[in-house]
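Read the structure below first, then the notes.
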Amino acid sequence: MKESDTKNEETGIQKAVELMRQGATMLNEACPECSGPLFQLKDDIICPQCGKKVLIVSDEAEVQELEKEAILVELDHAISSQIENLTKRLNEEKDSDELMAIGRLTILWLEALEKLKRIRS
Ligand SMILES: [Zn+2]
């Protein structure tokens with residue numbers, strides 16, 4: 195290890211201590227440049243080693259992904275209960291026109307369910 199590296203590391207630790215003093219918390223994420231630990235101070239994510247702010251895009255993208263998944267799960271439930279209702283009506287219905295309508299709707303919902311599965315996989 196070169197002397198300059200050691201110095202850099204020391205300033206990094208000092209800066210980290212300083213950040214903690216200011217109320218920063220250490221994150222699980224590592225700096226993409228130096229793979230040192232990152233600190234969060236309010237809305238800023240800082241790498242004390244590099245001495246600059248770091249933008250983490252994966253977090254935001256992950257949150258959006260989770261939100262999207264939650265909506266799709268909800269949709270899945272809604273469609274499933276629609277199919278369940280249609281199945282009940284199918285058992286009770288005698289009128290052929292009504293049966294046709296129920297059949298068409300069932301196919302429609304099944305197709306939607308299939309598309310949904312494709313999106314989620
Ligand atoms: Zn860094």
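Sequential numbering from 195 applies to the sequence shown in our numbering.
Glycine included, every Cβ here is placed at the ideal spot set by N, Cα and C.
Spell out the partners DSSP gives Leu235 in its beta bridges. DSSP lists Asp238 as partners of Leu235.
Could you tell me the boundaries of the alpha helix (DSSP H) in which Ala218 lies? Note, Ala218: premise wrong, no alpha helix (DSSP H); not H, not E.
On a CA-only basis, which of Asp238, Leu302, Arg298 and Gly245 is nearest Ile207? Give me that one, please. Of the listed residues, the one whose Cα sits closest to Ile207 is Gly245.
Please state the DSSP three-state secondary structure of Lys282. Three-state result, Lys282: helix.
Run through the DSSP bridge pairs and tell me what Lys246 is partnered with. Cys241.
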